[in-house]
Amino acid sequence: MCGIFGIYAPDRDVARLTYFALFALQHRGQESAGIAVGDGRRITAQKELGLVPQVFDETSLGALAADAVTAIGHCRYSTTGSSRWPNTQPILRHRQGRTVALAHNGNLTNTAELRAELQGRGVKLETTSDTEVIAALICEHPGTLEEGVRYAMGRITGAFSAVVLDGSQIIAFRDPDGIRPLVLGDLDGNPVVASETCALDIVGAAFVCDIEPGQMVILDADGPRVAQAQPTRQSGGAALCIFEFIYFARPDSRMDGVGLHAARVRMGERLATEAPIDADIVIAVPDSGTPAAQGFARASGIPYTDGLVKNRYVGRTFIQPEQRLRDNGLRLKFNPLPDVIAGQRVVVVDDSIVRGTTTRKIVRMLFDAGALEVHLRISSPPIVSPCYYGIDMAAGDELIAADRSSQAVCQLLGATSLAYLSQAGLQASTGQPAERFCRACLTRNYPTPIPDDIRDGGRFRFEAAPVA
Ligand code: SF4
């Protein structure tokens, strides 16, 4: 996924504001964090593997802050390019004798082709990240930064929301399909861009608008200027990732004018109507399943209670547990409440099932805690195809629902019953038309062409027909 942020504010501590924005966006990427600031002439950056508060402290923020007027920030979740220091962002590169910094959320689908082209022209690439390809295309262009961004946007395909900084100016841009989110805010007259509105809230900025597919926004002394840099895709619609609504984005964020917590509650309500069940309690797989579980309970009249406790600090540990602990890995994350579960017919609500490994362990854990029945209710339709746009879910042949009926999946998971939210139910819960979204992992209809060399790494061909 990744989280990105950018701010132009000559009278503010832009490094500190970027730190707090990244802190709000931490859920979008926990592998590395970085901030680059510009003082009008040069760029200073700090980035490292780890969580935002592990990477930055008062001393490092202080060192970044001097005279800075602009800043961009990034927290990383790796898709293309492994989790190594050289792939941390913002990426720095030279352009016309100056340094530029670039941060990117998404995943390109034509990286290999562009890498080969750039290297064929003698352009040096030092990382395996697709972000470096975007930076190289911008930097190789002989025109202004704005012209370089327009050129790069026309060459790259796939998902990209990005910010590029050249010292005194930031340009934020979003792919013509609008797969990853990007919003514009206003902090006391200073322009701000972020992956999600929760990052605007934490710095005290007001929401201005969603940056539309194919648009760029220039942030500098002349104020924010929005331009349609590339035409939107042919349908004229957008293809925002539906999983931003289902799970990825924070529930307190708003996308396309919709509050995500409320949308997730509606998914649960709808699920209760579509797949009713006679049971004693409703519990969530915390925290991502919680709003839908609350909605399910409200619509079904079955009481909602806590049944699984989540260790909130699990996010990322660099200390590997010893083998026996690892085998019991799920207990590092969830622990059941036997006093609540024992003797009950339990409805467990989760947002999705990918490989099924975690869900199978949760079902086992609940039966071990004394549940009489375990009814799985999933607030999204079955995931049947991989994502090539920045969500590292699983390869096609690892997806438990790719070629199995719900009944077969239920049997594999060891649950008493299993039901998914329907496509129509999901759509109605978002309050938006289906054409607004990418739903490719649910339907096998991708909004952009997927080259054969990346289609499941070239090792898996799923020939099944699209899902209606
Ligand atoms: S394929 Fe699925 S996860 Fe990937 S962008 Fe589309 S909806 Fe989101």
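The sequence shown: position 457 = 461 (our numbering), numbered continuously. Built from N, CA and C at the ideal position, the CB exists for glycine as well. Computed from a predicted structure; not experimentally measured.
With a 10 Å radius around its C-beta and 16 neighbouring C-beta atoms as the bar for buried, classify aspartate 291 as buried or exposed.
exposed
Would you call the CB atoms of alanine 105 and leucine 169 closer than 8 Å?
yes
Less than 7 Å between C-beta atoms, sequence neighbours within five positions excluded: which residues of the same chain meet that for alanine 2?
Outside the shown range of the chain (5 to 472) lies residue 2, about which nothing can therefore be said.
Under 7 Å from any heavy atom of ligand 1, does the C-beta of isoleucine 395 make it?
yes
Below 6 Å CB to CB, which residues in the same chain sit around glutamine 431 once its five sequence neighbours on both sides are set aside?
Ala438
For asparagine 194, the three-state DSSP class (helix, strand or coil):
strand
Spatial neighbours of aspartate 284 in its chain, beta-carbon cut-off 6 Å, leaving aside the 5 residues before and after:
Gln348 and Arg349
Any 3 or more C-beta pairs closer than 8 Å across the region 436–452 and the region 374–390:
yes
Simplified DSSP state of tyrosine 23, which is helix, strand or coil
helix
Counting C-beta neighbours from all protein chains within 10 Å, is the total for valine 313 16 or more, i.e. buried, or is it exposed?
exposed
Can you list the alpha helix (DSSP H) stretches of 4 or more residues lying completely in the region 192–237, in chain order?
201–207
What I want to know is whether the C-beta of phenylalanine 247 ends up closer than 7 Å to one or more non-hydrogen atoms of ligand 1.
yes
Could you check what DSSP says for serine 172 in three-state terms: helix, strand or coil?
coil
Is cysteine 391 near ligand 1 - that is, is its Cβ less than 7 Å away from at least one heavy atom of it?
yes
Counted within 10 angstroms of its Cβ, other Cβ atoms place glutamate 200 as buried (16 or more) or exposed
buried
Grab me the residues of leucine 129's own chain with a C-beta within less than 8 Å of its C-beta, minus the 5 sequence neighbours each way, in chain order.
Arg119, Leu122, Gln123, Glu136, Val137 and Ala140
8 Å contact criterion, which glycine 110 and glycine 158 should meet: CB distance rounded:
Not confirmed; about 16 Å, so no contact.
Let me confirm a value: glycine 77 is counted as buried when at least 16 other C-beta atoms fall within 10 Å, else exposed. Which label applies?
buried
Can you check DSSP and say which residues form a bridge with threonine 74?
Tyr12 and Gly42
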